[in-house]
Amino acid sequence: MSRENDGFVFHRGLLQGVLNVVYRAINFLVSWDHLPTLLGAVNLSVFRDRLRAYNLHHTGYGTTSSGWSTGNERWRSADGSFNSLDHPRMGMAGARFGRNFPLPECVPDSMGDLLEPSPRVISQELLARDSFIPATSLNLLAAAWIQFETHNWFSHGIPGPGNEFKIPLKPDDTWPEHERVNGCMQIRRTVPDGTPREPWLGATPTFRNLNSHWWDAGQIYGSNRARQMLIRSKSDGKIAVGEDGMLPPDPDHPGADLTGFNDNWWVGLGLLHNLFAREHNVICDGLKTRYPTWNDEELFQRARLINAALIAKIHTVEWTPGILGHPALDFSMHANWSGIPYRVVRAVLGKNSEAAYGIIGSPTDQHSAPYAMTEEFTAVYRLHPLIPDDMKVRRLDESKVEDCKLVDMQGRFSRAFMDAHGFVDLLYSFGTAHPGAIRLHNYPNFLRRFDKDGQPLLDVAAIDIMRDRERGVPRYNRFREMVGKTRVKTFEEITSIPGAAKKMRRIYKGDVDRVDLMVGLLAEDLPDGFGFSDTAFRIFILMASRRLKSDRFFTDDYRAEIYTDFGLDWIQDNGMKSVLLRHAPQLGPALEGVNNAFAPWNVLRG
Amino acid sequence: MALVIAIPYLVRLAIVSDPDELLRVNDAAVVARPLSGLGGLFNRSVAARLAVFRTPAGDIWPAFRDRHDPLRAAHQAMLEATLSDIEPLLQRIAPEIAQLGSYVGGGRAHRSAEDRSLGVVVQQAVGRLFFAEYAASEASYDAARTLQTWLSAWPLRACWIRRSGALKASLARIEAASCGNMACAHATAIAMENIVRSIELMRKLARQGDNLAKLEPQDALIRTLRAPPRLAREARDGDFVGLIRLRSRTLIVLALDNARRQRASDLGLPFFAGAWNQCPAHGLVPALLSKVWQAARTRAEGGV
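Taken in sequence, the protein lines are chains X and S. Reading the first sequence from the start, the letters are residues 240 to 845 in the working numbering. Reading the second sequence from the start, the letters are residues 7 to 310 in the working numbering.
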């Protein structure tokens with residue numbers, strides 16, 4: 240290990256260098272979101288280059304490779320090892336989370352400051368939902384989708400008892416007496432990283448990702464070989480489904496489906512897991528027709544590659560522009576996947592340019608550090624306000640609407656709820672319901688007093704605050720600085736939400752540098768069309784591209800020899816809408832005229 | 007009161023020299039040892055100077071480890087336990103103490119040559135506290151001097167030290183002589199210079215009248231003990247520390263030797279005794295200097 244991120248270095252080209260200087264001058268006068276579309280898109284690529292140069296930091300691997308298996312060269316290993324053939328541990332399940340900031344910046348406060356201000360007070364006074372604030376440009380599948388995706392990218396594991404944080408409670412707090420210890424609310428700590436620490440880590444805590452870091456649809460296929468074998472039918476490469484076409488129950492996890500990763504299970508995840516398990520099986524049928532001699536393993540692994548790439552494409556060109564509705568961003572995300580639509584510029588920039596032809600199929604590049612998901616990335620993806628407390632369950636064939644509570648469609652209740660209401664009607668209901676806006680005072684209240692199977696009573700909002708603090712993610716103002724934005728000096732600079740600045744000033748005792756990251760992100764005024772904050776978006780700019788650019792199966796090995804011509808065509812020709820219509824054709828009228836499957840669908844009756 | 011200088015894009019600096027303020031700032035939660043280089047060109051330049059004190063494998067020298075670094079606390083405790091066994095350690099370096107005593111009580115011939123050999127002897131004495139077989143040389147002392155110069159040189163000279171390869175070579179030489187022990191590397195490259203300065207002062211003190219005969223080692227120690235002139239810290243976030251308002255990314259210079267002069271009788275201050283960053287040699291160095299003074303007296307009394 241060298242002091243320079245395991246030897247990885249970012250090489251900035253001449254054009255990138257010039258643009259960097261030019262845009263520093265431009266951004267001194269105009270922010271990126273107020274530029275014309277094309278200039279705004281170039282501005283985003285300049286941000287990305289800066290972030291690639293300065294915001295990738297290695298924390299060591301913290302794991303050992305499971306060893307070479309036949310097929311690792313041409314398909315994804317179950318645990319994500321050997322994606323990089325030179326660095327087989329990179330991104331594998333069990334490897335450490337990296338960092339987006341220099342390691343000395345990622346140090347938790349000392350114990351006294353760590354609990355200040357009380358996360359419980361923040362949960363009650365800044366996060367609690369007074370009345371539901373909907374995100375009217377999205378449907379509820381968009382909320383389920385991001386959880387579906389984060390379950391692919393990361394898991395810190397389920398915290399166990401012992402050495403809990405003890406959060407003092409105010410005298411009028413309604414937290415149940417039997418859940419208190421010495422009058423305090425307890426929050427379990429993140430599962431510690433027990434692997435030997437490298438001396439250069441300094442005071443930065445490290446944690447391991449139990450899932451593979453790659454964008455490999457690990458939520459469906461699992462992050463180890465044993466789990467993968469458990470979900471397979473072992474015939475024609477298919478995933479096991481019941482006679483009703485639905486995923487079978489997981490005997491170890493009551494209420495959840497048997498799939499790759501089913502923590503924090505609810506009906507929203509059930510819908511997407513079932514949808515893409517069906518998609519996998521249809522891809523297997525297509526491959527079997529074209530390659531009749533392939534065995535079960537070959538069919539399964541090739542179908543996985545295709546399905547994973549399709550999910551990545553949907554996320555890139557549909558979900559993201561759906562939640563971040565800005566023309567420059569829409570242009571950039573399509574350019575990320577398939578390049579820019581200008582032939583002359585393409586010719587000038589050349590075949591290997593990711594700007595010209597898209598990241599897909601371009602040369603693999605880790606830039607300035609070995610690939611890993613980062614703690615800061617997990618922090619900006621705390622999007623629980625997307626979840627409503629209640630939703631209307633509709634039926635396609637009648638106008639009857641049933642009011643249901645989210646708490647009754649999660650955990651051990653999930654499968655029963657799915658059985659009672661049906662796969663297609665629930666898809667329709669999710670498509671016609673709105674998620675919550677990602678703002679202050681919109682945190683689902685059922686999660687603030689959440690009775691999760693096998694856990695003590697949880698205030699997930701308070702836990703979210705503590706997680707960022709204990710993992711050494713910088714607080715909001717320093718986080719802004721580290722992603723290249725200026726620090727704010729007053730609470731009013733953060734937010735124009737009525738009353739919020741005053742409340743924050745009181746809770747944080749007037750110290751704007753103490754504002755928690757999540758609070759700042761939820762409070763921040765948004766660029767036009769954006770569903771979440773510009774500060775969080777900076778990490779997103781970097782990591783969304785990195786998930787593709789670092790992965791050889793999206794870059795060097797995105798070719799017919801690996802995916803087959805059939806596979807490449809499948810990815811090219813399909814999107815969320817076609818997947819939905821293939822497996823639930825009854826949704827046709829609801830989706831008619833809907834350009835983005837994550838936008839609200841047509842309500843057909845009532 | 008601290009001197010605060012803030013010029014946008016150039017410098018954001020606070021110089022603290024009052025002993026109480028200095029200890030408060032050193033202990034403040036917003037103040038960290040690692041420097042980000044943010045805050046201005048000057049801040050960046052200082053951060054770049056300190057950033058080189060890492061091994062090729064990335065290991066951080068102990069004096070630059072952050073407060074909450076678990077390895078810092080562990081190394082500090084381990085080293086302190088080793089260096090607390092004072093008498094045997096001083097026995098180990100008895101020949102060097104005798105040489106230093108001769109220097110303090112000696113004549114004025116070959117001043118520059120003597121000063122140079124003083125550095126080598128001090129480096130050898132300090133190194134042998136870590137390894138009995140540590141061997142200092144003119145080359146290793148030159149390496150230490152290069153690193154000390156690097157820390158305080160003007161930009162052009164610093165640039166020359168880096169570009170000429172002297173910096174890299176000096177780091178390599180010091181680390182090789184220390185057999186990879188970073189505490190030893192720090193002590194024999196940087197910390198030793200405070201002992202050199204103290205012994206030079208002892209020599210001056212000894213030459214004034216009959217100080218050598220009259221002053222007890224403890225009194226001589228109080229008058230000659232020197233602390234590092236400056237230590238660098240950074241305020242990561244803005245906050246008030248006592249009456250000082252630290253803005254985020256302020257480079258904090260702790261003028262430790264200045265503070266020591268204001269409280270010369272406090273022998274713990276130069277070592278941050280009792281603070282989180284207490285020098286593990288806080289007991290050993292005063293004992294060593296006392297021994298040197300004693301050796302000089304013995305030499306004078308014996309008429310050698």
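Just so you know, even glycine gets a beta-carbon here, dropped at the ideal spot from N, CA and C. Note that the structure is a prediction, hence the values are computed from the model and not measured.
(message) Does the structure place the stretch 328-341 of chain X close enough to the stretch 370-383 of chain X that three or more beta carbon pairs sit under 8 Å?
(response) These segments do not touch.
(message) Would you say S/HIS74 lies against chain X (beta-carbon separation less than 7 Å)?
(response) yes
(message) Is the beta carbon of X/ILE778 closer than 7 Å to that of X/GLU614?
(response) Going by C-beta atoms, X/GLU614 is not nearer than 7 Å to X/ILE778.
(message) As a quick exercise: from X/LEU665, X/GLY476, X/SER357, pick the residue whose alpha carbon is nearest that of X/ALA516.
(response) X/GLY476
(message) I'd like to know whether the C-beta of X/GLY246 is nearer than 7 Å to at least one C-beta of chain S.
(response) Judged by the 7 Å Cβ criterion, X/GLY246 is not in contact with chain S.
(request) Quick one: which residues of the stretch 34-50 of chain S get their C-beta closer than 9 Å to a C-beta of chain X? List them in chain order. (result) ALA35, VAL36, ALA38, ARG39, PRO40, LEU41, SER42, LEU44
(request) State the Cα-Cα distance for the pair X/GLY827 and X/ALA383, rounded to the nearest angstrom. (result) 21 Å
(request) Note down the Cα distance separating X/ILE626 from X/CYS643, rounded to an integer number of angstroms. (result) 13 Å
(message) Among S/GLU27, S/PRO40, S/ASP26, whose alpha-carbon lies nearest the alpha-carbon of S/LEU257?
(response) S/PRO40
(request) Using a Cβ cut-off of 7 Å, pull out every chain S residue sitting near X/ALA292, in sequence order please. (result) Chain S residues near X/ALA292: none, gap ~14 Å exceeds 7 Å.
(message) Quick check: the stretch 402-416 of chain X against the stretch 454-474 of chain X, are at least 3 beta-carbon pairs closer than 8 Å?
(response) no
(request) Identify which residue in S/ALA131, S/ARG269, S/ILE167 has its Cα closest to the Cα of S/ALA141. (result) S/ALA131
(message) According to DSSP, is X/VAL640 part of a helix, a strand, or is it coil?
(response) strand
(request) Verify the CB distance criterion: does S/GLY289 have a CB-CB separation below 7 Å to chain X? (result) no
(request) Under 9 Å between beta-carbons, which chain X residues line up against S/SER311? List them in chain order, please. (result) Past the edges of chain S, shown from 7 to 310, lies residue 311 of chain S, and the structure says nothing about it.
(request) Have a look at X/ASN546 and X/GLN811 and give me their C-alpha separation to the nearest angstrom. (result) Distance between X/ASN546 and X/GLN811, taken at the CA atoms: about 12 Å.
(request) Output the boundary residues of the alpha helix (DSSP H) element that contains X/ALA382. (result) Taken as a continuous stretch (DSSP letters only), the alpha helix (DSSP H) holding X/ALA382 covers 379-392.
(message) Check whether the stretch 72-86 of chain S and the stretch 445-454 of chain X are in contact - that is, three or more C-beta pairs closer than 8 Å.
(response) no
(request) Can you tell me the Cβ-Cβ gap for X/GLY279 and X/ALA567, rounded? I've got them flagged as a contact below 8 Å. (result) 3 Å
(request) Can you say whether X/ASP369 is buried or exposed, counting buried as having 16 or more other CB atoms within 10 angstroms of its CB? (result) Counting C-beta atoms within 10 angstroms of its own C-beta, X/ASP369 has fewer than 16 neighbours from the protein chains shown and is therefore classed as exposed.
(request) Kindly list, in the order they appear in chain S, the residues whose Cβ is closer than 8 Å to that of X/ASP352. (result) ALA35
(request) Tell whether a beta-carbon distance below 7 Å holds between S/VAL126 and S/TYR109. (result) no
(message) Between S/LEU95 and chain X, is any beta-carbon pair separated by less than 7 Å?
(response) Taking Cβ atoms only, chain X never reaches closer than 7 Å to S/LEU95, which makes this a no.
(message) Looking at the strands, I want to know which residues DSSP matches up with X/PHE404.
(response) X/ILE426
(message) Determine whether the beta carbon atoms of S/TRP1 and S/LEU173 lie at a separation below 7 Å.
(response) One cannot answer for residue 1 of chain S here, as it falls past the ends of chain S, which runs 7 to 310.
(message) Would the stretch 553-564 of chain X count as touching the stretch 258-270 of chain X if we require 3 or more Cβ pairs under 8 Å?
(response) no
(request) State the DSSP-derived secondary structure class of X/GLY561, mapped to helix, strand or coil. (result) helix
(request) Name, going along the chain, the residues of the stretch 237-248 of chain S whose beta-carbon falls closer than 8 Å to a beta-carbon of chain A. (result) Protein chains in the displayed structure are X and S, and chain A is not among them.
(request) Let me know if S/PRO286 comes out buried or exposed under the rule of 16 or more other beta-carbons within 10 Å of its beta-carbon. (result) buried
(message) Looking only at its chain, what residues have a beta carbon closer than 7 Å to the beta carbon of X/TYR300, apart from the 5 residues adjacent to it on each side?
(response) Excluding sequence neighbours, X/TYR300 sits near ARG328, ALA334, ARG335.
(request) Name the two residues that bound the continuous alpha helix (DSSP H) containing X/PHE267. (result) 253-268
(request) Would you list, in chain order, the members of the stretch 330-348 of chain X that have their beta-carbon closer than 8 Å to a beta-carbon of chain S? (result) PRO341, PRO343, GLU344, VAL346, PRO347, ASP348
(message) Considering just the uninterrupted stretch of the alpha helix (DSSP H) at X/LYS631, what are its terminal residues?
(response) Careful: X/LYS631 lies outside any alpha helix (DSSP H), inside the beta strand (DSSP E) at 629-633.
(message) Given this structure, state the Cα-to-Cα distance separating X/VAL203 from X/VAL640, to the nearest angstrom.
(response) With chain X running from 240 to 845 in the structure shown, residue 203 of chain X is simply not present.
(message) Determine whether the beta carbon atoms of X/PHE847 and X/MET721 lie at a separation below 7 Å.
(response) This structure cannot speak to residue 847 of chain X, because chain X is shown only from 240 to 845.
(message) Which of the three DSSP states is assigned to X/LYS728 in this structure?
(response) If DSSP states are grouped into helix, strand and coil, X/LYS728 belongs with coil.
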